[in-house]
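Below is one structure, written out as C-alpha cells; comments come after it.
Residue numbers (the numbering used here): 214 to 350.
Right under this line is the structure:
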C-alpha cells in the first residue's frame, strides 16, 4: 500500500471519528426522552461541602509527594556542578517550585473556598426559590 493510500485511510478515519464526537444526542421524534443508563449526577450543598473537605487532605498529599521529589532533585542538582546544564537544571527547579506552590495553593485554599461558596450560593438560591411557590398540602 502506498503512502498516499495509507494517508487517505487515516484522514477518512479521523473525519469519521470527528463527526461521531460532534454529534448531539437528540430527543426521539415524539419529543420524549429516556432516562438513560446509570445514575444521574446530583449536586447539593452537602456534596459541595464534602468535596471541599476532601481537597485539603489532597493538598497535603500533593505537598508530601512534592517534598519527596524536591529532595531527590536536590541530589541531582548537586551532581551537576561544573556542567553547562547545571544552570538549566537550577531554572527547572525554580519553575517546579513555583508551579507546585501554585497547585498546592489551588488545592488547599482556592478550590475548597470556591466549593464552599458555591454550596452557600446553592442553598441560598434553593431557599429563595422555595419561598416563591406555595407548599403542597
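Just so you know, even glycine gets a beta-carbon here, dropped at the ideal spot from N, CA and C.
- Of the residues assessed, residue 254 falls on the exposed side of the cut-off, its CB having fewer than 16 other CB atoms within 10 angstroms.
- The C-alpha of residue 258 lies about 52 Å from the C-alpha of residue 221.
- For residue 290, the CB contacts under 8 Å within the same chain, skipping 5 residues up- and downstream, are 299, 302, 303, 306 in chain order.
- A distance below 8 Å between beta-carbons, with the five flanking residues on each side excluded, links residue 262 to the following residues of its chain, in chain order: 328, 329, 332.
- Your pair residue 275 and residue 316 checks out as a contact, with CB atoms roughly 7 Å apart and the cut at 8 Å.
- Here residue 272 really is in contact with residue 321; their C-beta atoms are around 3 Å apart, less than 8 Å.
- Excluding residues up to 5 positions away in sequence, 299, 302 lie with their Cβ nearer than 6 Å to the Cβ of residue 293 in the same chain.
- Around the beta carbon of residue 325, 16 or more other beta carbons lie within 10 angstroms, which makes this residue buried.
- Short of 6 Å from the beta carbon of residue 336, and not among the five residues preceding or following it, lie these beta carbons of its own chain, in chain order: 258.
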